[in-house]
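Participant: Numbering (the UniProt record's numbering), first residue to last: 1 to 144.
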Amino acid sequence: MFTIKYEIISEQFDDINNMTDEEIQYYFLLGNVCLHSANASIEMEWEWIPLLDFAHCLQHIVNDLKGDNATKQYFEFTESADTLEFSRQGEQLKIVASFSSIIIETTFVDFEKALHDFHTSISEHIRRNVPNEVPIVLQKYLSF
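Put into structure tokens, the structure is as follows:
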């Protein structure tokens, strides 16, 4: 079993109708993330991870990994030089962080489901907190 847990530290819904892509990628919905499997966890308790952008980028990684049963993809954090490496070998997925000695091994299917649940939870939180219609700039991040 694999899960992606998160904690929201900072929200900025005040001027959401004027938000830019850059603001979403760096400043919107900041928090902590934990990648958790049955026997290991990679914790990112930095309080500055842009959660919606993180989910959006991981979805691109999943899409790229789907097309190739033996490949690697990387996520680079914008606020530091840290990375997450996602290595797929058949139905298995290995996650290695540049900032931790912990290695997570899970199935690709479990990772894909956990990402879907994570993204859905964040998207629903945003939709509940946007006073009117979701701005166009946010819509591409909310759709799967």
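Glycine included, each C-beta is placed from N, C-alpha and C at the ideal position.
Since the model is a prediction, treat every value here as computed from it, not as a measurement.
1. Please name the residue in Pro50, Glu105 and Arg88 whose C-alpha comes closest to that of Leu35.
2. If you draw a straight line from the alpha carbon of Arg128 to that of Leu138, how long is it in whole angstroms?
3. Helix, strand or coil: which one does DSSP assign to Ala55?
4. For the beta strand (DSSP E) that contains Gln73, what are its first and last residues?
5. Alpha carbon to alpha carbon, what distance is there between Thr3 and Ser39?
6. Round the Cβ separation of Gly31 and Ile8 to the nearest angstrom and send it over; I've been treating them as touching at under 8 Å.
7. Just reading off the alpha helix (DSSP H) that Glu22 is part of, what are its end residues?
8. Evaluate Glu112 with the Cβ neighbour count: other Cβ atoms within 10 Å of its Cβ, from every protein chain shown; 16 or more gives buried, anything less gives exposed.
9. Take Asn63 and list the residues in its own chain whose beta-carbon comes closer than 6 Å to its own, dropping the five residues that flank it on each side.
10. Between which two residues does the alpha helix (DSSP H) holding Ser123 run?
Facilitator: Looking at the atomic coordinates:
1. Measuring from the Cα of Leu35, the nearest candidate turns out to be Glu105.
2. When the Cα atoms are used, Arg128 and Leu138 turn out to be separated by approximately 14 Å.
3. Collapsing the DSSP output to three states places Ala55 in a helix.
4. Ala70 to Glu76 is the extent of the beta strand (DSSP E) around Gln73.
5. The sequence shown places Asn at residue 39, rather than the Ser named in the question. Each residue's alpha carbon lies about 12 Å from the other.
6. At roughly 5 Å, the Cβ-Cβ gap stays under 8 Å, so Gly31 and Ile8 are in contact.
7. Element bounds for Glu22: Asp21 to Tyr26.
8. It counts as buried.
9. Correct list: empty, nothing qualifies.
10. Phe108 to Asn129 is the span of the alpha helix (DSSP H), which, as asked, contains Ser123.
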